[in-house]
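Quick notes on the structure that follows.
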Amino acid sequence: MSNIKSNWDGLTGLFSIVFGLAYGGYAYSLPQPMFGNPLEAIFLPLTVSAIAIFIGLLLIITGGMTPSFAAIKALLNESPKRKSDRRKVATTALLCVFYAMLFEHAGYVISTFLFMFSMLTITCGLGFWKKSALISLIFAVAIFITFNEMLSVNLPPFPFFN
28 MSNIKSNWDG
38 LTGLFSIVFG
48 LAYGGYAYSL
58 PQPMFGNPLE
68 AIFLPLTVSA
78 IAIFIGLLLI
88 ITGGMTPSFA
98 AIKALLNESP
108 KRKSDRRKVA
118 TTALLCVFYA
128 MLFEHAGYVI
138 STFLFMFSML
148 TITCGLGFWK
158 KSALISLIFA
168 VAIFITFNEM
178 LSVNLPPFPF
188 FN
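For the sequence shown, position 15 matches number 42 in my numbering, and the numbering has no gaps at all.
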């Protein structure tokens with residue numbers, strides 16, 4: 028098994044196929060227009076879906092699944108430092124999703140403060156929480172004032188001032 032070069036092509040292809048099928052299913056369920064060709068509104072999304080499925084199949088055929096399993100095995104056996112780095116990247120990705128979901132409901136200042144504080148805690152550690160909180164608060168408020176007051180670009184306000 029050591030002579031098999033590990034790569035993620037097979038799993039990437041599998042993900043691309045699943046994405047293409049899901050995207051195509053949602054595209055097909057779009058409401059039909061009242062006038063004109065009923066397929067006109069879903070033509071582009073269905074084309075994107077077909078391309079994703081085709082690329083996924085090509086990746087599986089050319090890359091194979093065995094090298095992907097070797098890549099997973101190598102990932103599980105890597106050093107604790109690399110695992111910690113990957114965990115930080117995954118946590119950052121999850122925080123970005125939560126930030127996007129919270130942004131409209133909690134407003135710019137609150138959601139940005141929480142996001143920046145979380146990111147600074149991940150990168151600097153919990154020992155610097157006071158400095159991280161201060162930096163996050165100053166940044167969020169300063170950007171909010173700069174955009175809302177000086178540049179007249181509206182950002183989502185505080186939820187309790189609506």
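Yeah, the Cβ is synthetic: ideal placement off N, Cα and C, and Gly gets one too.
Please read these numbers as outputs of a predicted model, since none were measured by experiment.
- Exposed is the label assigned to F81, since fewer than 16 other Cβ atoms lie within 10 Å of its Cβ.
- The region 49–67 makes no contact with the region 121–136; the number of CB pairs closer than 8 Å stays below 3.
- Residues G83, L86 and I87 of the same chain have their beta carbon placed closer than 6 Å to that of G40, with the five preceding and five following residues left out of the count.
- By the neighbour-count criterion, in which 16 or more other beta carbons inside 10 Å mark a residue as buried, M92 falls on the exposed side.
- Our two residues, G90 and Q59, have alpha carbons roughly 39 Å apart in a direct line.
- Remark: C-beta atoms of L141 and S159 do not approach each other more closely than 9 Å.
- The three-state reading of DSSP puts W35 in coil, since its state is none of H, G, I, E or B.
- Pairing S76 with G51, the inter-Cα distance amounts to about 5 Å.
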